[in-house]
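Residue numbers in the sequence shown follow my numbering, run continuously in steps of one, and reach 237 at the last position. Beneath this line is the structure, given in structure tokens, with notes to follow.
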Amino acid sequence: KDHGWVFKGGTCLRHCYYRGYRFSEDIDFSCRDSGDNLDASLHLLDMVALWVFNESGVRFSVQAPVTVPGDFQIEIPMAYNRGGARRQGLPQVKVHLTFDEPVLDETIDRSVTPGYSDLSVFGIPAYSKKEIVAEKLRSLLQQQKKWPRPRDLYDLWYILCKTKERFSWQELKTLFDEKCRVRDVKPDITSLTSDTLREWNENSWLRQLGPMLKDVPDFDRLWKEWVKTFHKLIGNA
């Protein structure tokens, strides 16, 4: 908390809001205040790696940061070794940091209960559900044919359709419009249910979500529910 990192994304949904939610391939944070410096962030991750080694014997190695294609994040892979010989490269935890994303809503202090009995419950500052939804709506608009991200559509469907969370469109729109402005994205809500978006997500649905979900929902059914729910949400907007 003292370092200005705010937890967000799919891993945040799993650990802070919906226990047992889908798996994610990365850990996402928006960095602000003292957290807006890459060198300071790399130093912090080195400290985390040392703490993990001292506590568990698992050795983490912070790798060189890379940019994420089609995104505005810095990816910092953290390779880890639990001992023993390996024929392939070491597995990695991917940490995604965003340094220029303003946190618009109040952050929520959430309790995280680790899945291991020898670890204690801890608190972490997290995006509100409302800000997660607003950012994922923008992410849908940022999709490109060569970089589809069906997990964003799935997350929105899960929050708004499956769990039936309720938000005021006027409050969401304020956040959504500002997040689009920051990325120079036209806030075109008609594109959020367009045939083009449907095609991009359908073509990569099973391939990308299969490793994250035990049971991948039928795309046609999910898309119909998404369109109906989103149109109801925006009303006469």
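Backbone N, C-alpha and C define an ideal beta-carbon position, used for all residues, glycine too.
Buried versus exposed call for residue i [16 or more other C-beta atoms within 10 Å across all chains shown]
i	result
residue 10	buried
residue 43	exposed
residue 64	exposed
residue 78	buried
residue 119	exposed
residue 135	buried
residue 50	exposed
residue 72	exposed
residue 101	buried
N- and C-terminal bounds of the beta strand (DSSP E) containing residue i
i	result
residue 80	74-81
residue 95	92-98
Proximity of residue i and residue j at Cβ, strictly below 8 Å
i	j	result
residue 201	residue 114	no
residue 156	residue 137	yes
residue 132	residue 8	yes
residue 31	residue 110	no
residue 52	residue 60	yes
residue 212	residue 24	yes
residue 75	residue 94	yes
residue 143	residue 192	no
Beta-bridge pairing of residue i - partner residues as DSSP gives them
i	result
residue 52	DSSP, once it has assigned bridges, lists no residue as partnering residue 52.
residue 7	29, 126
residue 112	122
residue 60	80
residue 67	74
residue 144	147
Residue i - containing alpha helix (DSSP H), residue span
i	result
residue 161	Element bounds for residue 161: n/a, residue is neither H nor E.
residue 231	219-234
Count Cβ pairs between the stretch 214-221 and the stretch 166-177 that sit closer than 8 Å; are there 3 or more? no
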